[in-house]
Every structure is written in structure tokens, then in C-alpha cells.
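Numbering (this note's numbering), first residue to last: 22 to 114.
What follows is the structure in C-alpha cells.
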């Protein structure tokens, strides 16, 4: 069994409060959960209103499959357009 882990830092445009930020982040998290079989959550910068850190993970028996899934999720999040991805850290255990 192999586990893929990824964290992403997001800079969120055009938000003026934590409430607006949480709306954007929650929307992204729910869309990833419904489209991919992955665990995802906001894991950092929870009190900063223009930045967020999200983390997600996948489990598989194939390194190739994990790499493909993580990259698909990353590209899906990057295409959102409401924020800029400033840092990505990926690890397969």
C-alpha cells in the first residue's frame, strides 16, 4: 500500500473577510471530494483572510496511479481561477 500526500498554498483574490475566504476554500474542498476519491482539508493559514493551505491524500497500490491522481487533483484546483497556487509540496510514502 502506498500513500500520496500533497499540500498547496493558495493566495485568494478579491476576498475581504475570513467569511468570504472560507466560502471559496470550502467550495474547492467540496468539489474535490465529490469528483475524486481523496481526503482533503484546510490545514493551515486558517486565520489569514487572503491565504490558505490545503492538504489532500490518496491511497493506492501503484505509485503510477498515485502520481496520476495527485497531479489530476492539482490541475483541477489550479484551473479554478479564484486564487493563485503559490507552492505545492507532494510526497509519496
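Beta carbons are placed, not taken as given, at the ideal position from N, Cα and C, and that holds for glycine.
In the DSSP assignment, find the alpha helix (DSSP H) that holds residue i and state where it starts and stops.
i: residue 90; result: 84-99
i: residue 45; result: 39-56
Classify residue i as helix, strand or coil using the three-state DSSP reduction.
i: residue 74; result: strand
i: residue 80; result: strand
Work out the CA separation of residue j and residue i for me, nearest whole Å.
i: residue 50; j: residue 102; result: 14 Å
i: residue 22; j: residue 37; result: 43 Å
i: residue 99; j: residue 106; result: 7 Å
Go to residue i, then tell me how far its beta strand (DSSP E) extends in each direction, as first and last residue.
i: residue 24; result: 23-33
i: residue 111; result: 104-113
i: residue 64; result: 60-65
Please go through the same chain and pick out, in chain order, the residues whose beta-carbon is closer than 8 Å to the beta-carbon of residue i, but skip the five residues on each side of it.
i: residue 74; result: 28, 29, 30, 31, 63, 64, 65, 66
Sorted by chain position, which residues of the same chain lie with C-beta nearer than 6 Å to residue i's C-beta, five sequence neighbours on each side aside?
i: residue 33; result: 42, 45, 71, 104
i: residue 108; result: 30
i: residue 39; result: 70
Using the Cβ count rule (16 or more neighbours within 10 Å means buried), how would you classify residue i?
i: residue 91; result: buried
i: residue 87; result: buried
Can you list, in chain order, the residues of its chain with a C-beta nearer than 7 Å to that of residue i? Leave out the 5 residues immediately preceding and following it.
i: residue 54; result: 61
i: residue 77; result: 27, 53, 59, 60, 61, 94
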